[in-house]
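Residue numbers (this note's numbering): 37 to 281.
All C-beta atoms in this analysis are idealised placements derived from N, C-alpha and C, irrespective of residue type, glycine included.
No experiment lies behind these values; they were computed from the predicted model shown.
Heads up, the thing below is written out as structure tokens.
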């Protein structure tokens, strides 16, 4: 735990593994099994590692050494702010990706996978079994229904209730959530060239939200982001507004 800063008022329970240069604020509770990688910041009052909120799972006393369930993993350089809550996985570790930010009062339920470099704004709630891709931005108080998939690079507006999947690099907002275009700026910042941005916009405008049509040759990170979306079983994409482009 070289150069770590852990408040004497934090509780770090049995089965919690801490990397180097970890900061844990007063009143934070970390329950095992849990892995906190290097350079992670955990704010005051954050709660990490409570058992899954599932009626058929044991509500175990992890603070007393009764370690069960699939754990939590916070990847290198992630930031978990004040009052955030992250629950144990039931069959896989609930995971926060490297460099991601989980802001104050955000909630990740059991078995959630949050990709690297993503941001959950204040008050965001993510239901169990969801998968949130890399470089996603969820606005304040957005809520994501259990088992929903959000592709890489998406932006979801504040207060949005999201109950259907999102393909990569779209902007979604409203109630119910609708797709309102592509996150072109996000793609440009990630080095996706203009031709690929235009091809993705054209595919979505044609109604091909599943990206199954023959057309553009995807390359680089965009190709892997699209492949991840295509591998997803039982996709139910949100509705796009007319004239999407």
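DSSP state of residue i mapped onto helix, strand, coil
i, result
"residue 59", "strand"
"residue 236", "helix"
"residue 86", "strand"
"residue 220", "helix"
"residue 264", "helix"
"residue 54", "strand"
"residue 107", "strand"
"residue 97", "coil"
"residue 246", "coil"
"residue 241", "helix"
"residue 280", "coil"
"residue 258", "helix"
"residue 171", "coil"
"residue 80", "coil"
"residue 64", "coil"
"residue 214", "strand"
"residue 208", "strand"
Cutoff 7 Å; reference residue i; Cβ partners in own chain excluding five residues on either side
i, result
"residue 183", "165 and 166"
"residue 69", "51, 103 and 107"
"residue 96", "87, 102 and 104"
"residue 203", "187, 245, 247, 265 and 273"
Proximity winner among the options, relative to residue i (alpha-carbon distances)
i, options, result
"residue 125", "113, 144 and 136", "144"
"residue 128", "244, 134, 85 and 79", "85"
"residue 163", "63, 44 and 179", "179"
"residue 43", "54, 60, 274 and 53", "60"
"residue 131", "119, 170 and 79", "170"
"residue 90", "147, 280 and 253", "147"
"residue 133", "272, 75 and 256", "75"
"residue 118", "150, 154 and 64", "64"
"residue 245", "231, 223 and 271", "271"
"residue 177", "142, 203 and 186", "142"
"residue 305", "257, 256, 262 and 114", "In the structure as shown, the chain begins at 37 and stops at 281. Residue 305 is therefore absent and cannot be evaluated."
"residue 158", "174, 109, 152 and 226", "174"
"residue 257", "100, 236, 93 and 226", "226"
"residue 254", "268, 269 and 237", "237"
"residue 111", "72, 260 and 139", "72"
Nonlocal neighbours in the same chain, by C-beta distance under 8 Å from residue i, ignoring five residues either side
i, result
"residue 39", "56 and 57"
"residue 219", "189, 190, 191, 205, 206 and 207"
"residue 233", "218, 220, 223 and 224"
"residue 242", "249"
"residue 210", "193, 196 and 216"
Close beta carbons around residue i, own chain, < 6 Å, minus the five adjacent residues each side
i, result
"residue 304", "Because residue 304 is not part of the residues shown, which for the chain are 37 to 281, the question remains open."
"residue 37", "Reliability fails at residue 37, whose pLDDT of 47 lies under 50, so the model's placement of it is uncertain and the value that follows must be treated cautiously. Only 54 meet the Cβ criterion."
"residue 160", "142, 174 and 178"
"residue 181", "163 and 199"
Contact test: residue i Cβ vs the ligand SAH heavy atom, cutoff 7 Å
i, result
"residue 145", "As presented, the structure is devoid of all ligands, the ligand SAH included, so that no description of it is given."
query = Which ranges would you report for the beta strand (DSSP E) in the region 111–157 if only whole runs of at least 3 residues count?
reply = Every beta strand (DSSP E) stretch that sits fully inside the region 111–157 and reaches 3 residues is listed by chain position as 121–123 and 130–132.
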